[in-house]
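Numbering (full-length UniProt numbering), first residue to last: 1 to 168. Glycine included, every Cβ here is placed at the ideal spot set by N, Cα and C. Let me begin by presenting the structure, written as C-alpha cells, before commenting on it.
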C-alpha cells in the first residue's frame with residue numbers, strides 16, 4: 001500500500017466535494033451545514049493552505065494507491081493543536097496507520113507537547129481514542145454545536161511513540 005501526504009491544493013476539487021458531501025462523513029461533522037459546493041471547497045482549501053503559511057503546519061490530503069482517501073493532520077485552533085482525520089468510509093480501516101504518522105510528526109517533528117481532538121457528543125464509540133491515551137478534558141461550544149474535547153499529552157505516550165528530541 002502506497003500512502004502519500006500531499007497538499008490539499010493538489011487534489012481535484014470534485015474529490016474533496018464528494019468526500020465532504022458523503023452522508024457517513026457528514027454525520028461526524030456537525031459544523032458542515034448545507035451542501036458543500038465548489039465555492040466552499042475553494043474557501044476550505046485556501047484556509048487550510050493558509051495554516052501552513054502562518055504556522056508551518058496544517059492538514060494534508062491523504063492519497064492511498066493514487067486515490068484521494070481524505071484529509072487531516074494537525075491544525076492550529078485558538079492556541080491549541082487540533083488533530084483532524086476525515087476519511088472516506090472506504091478508507092476508515094486505514095485511520096490508525098495515518099494517525100501514527102500524524103502523531104509522530106506532531107510530537108517529534110513539530111515539537112508539540114499536546115494535541116486535542118474535538119468530537120460531537122453523538123460520537124459515542126471512543127474506546128479507541130481513550131486507548132491511544134486521550135483523556136476527556138471538557139465540553140466546548142463551537143458554532144452553536146457542542147463538542148467534547150479530548151487531550152493527548154506527549155508525556156503520556158508510550159515510549160515507542162516518543163522521541164528524545166528536545167522540544168522548542
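Rounded separation between residue i and residue j - CA only
i           : j           : result
residue 167 : residue 109 : Confidence in residue 167 is poor, its pLDDT being 44 and thus under 50, which makes the residue's placement too unreliable to answer from.
residue 160 : residue 39  : Confidence at residue 160 is low in this model, with a pLDDT of 45, below 50, so the placement of that residue should be treated as unreliable; the coordinate-derived value is given next. Rounded to the nearest angstrom, the two C-alpha atoms are 43 Å apart.
residue 131 : residue 140 : 22 Å
residue 151 : residue 112 : 12 Å
residue 1   : residue 133 : 27 Å
residue 94  : residue 128 : 14 Å
residue 64  : residue 156 : 30 Å
residue 59  : residue 97  : 16 Å
residue 45  : residue 100 : 24 Å
residue 208 : residue 126 : What is shown of the chain runs 1 to 168, which leaves residue 208 out entirely.
Boundaries of the beta strand (DSSP E) in which residue i is found, first to last residue
i           : result
residue 138 : 135-142
residue 111 : Taken as a continuous stretch (DSSP letters only), residue 111 belongs to no beta strand (DSSP E), as it is neither H nor E.
Sub-9 Å separation of residue i and residue j beta-carbons
i          : j          : result
residue 91 : residue 75 : no
residue 54 : residue 8  : no
residue 69 : residue 87 : yes
residue 28 : residue 80 : no
6 Å CB neighbourhood of residue i in its chain, flanking five on each side removed
i           : result
residue 164 : Its pLDDT being 48, under 50, residue 164 is placed unreliably in this model, and the value from its coordinates should be taken loosely. Here the set comprises nothing.
residue 30  : 120 and 145
residue 20  : 36
Three-state secondary structure assigned by DSSP to residue i
i           : result
residue 57  : coil
residue 131 : helix
residue 33  : coil
residue 148 : strand
residue 120 : coil
Same chain, Cβ closer than 8 Å to residue i, neighbours up to 5 away in sequence not counted
i           : result
residue 102 : 72, 73, 74, 83 and 85
residue 142 : 31 and 118
Contact set for residue i: own chain, Cβ-Cβ below 7 Å, skip 5 residues either direction
i           : result
residue 138 : 149
residue 41  : 13, 16 and 17
residue 4   : 63
residue 135 : 150 and 151
Residue i CB to nearest heavy atom of the ligand MG below 8 Å
i          : result
residue 38 : No copy of the ligand MG appears in this structure; indeed no ligand is present at all.
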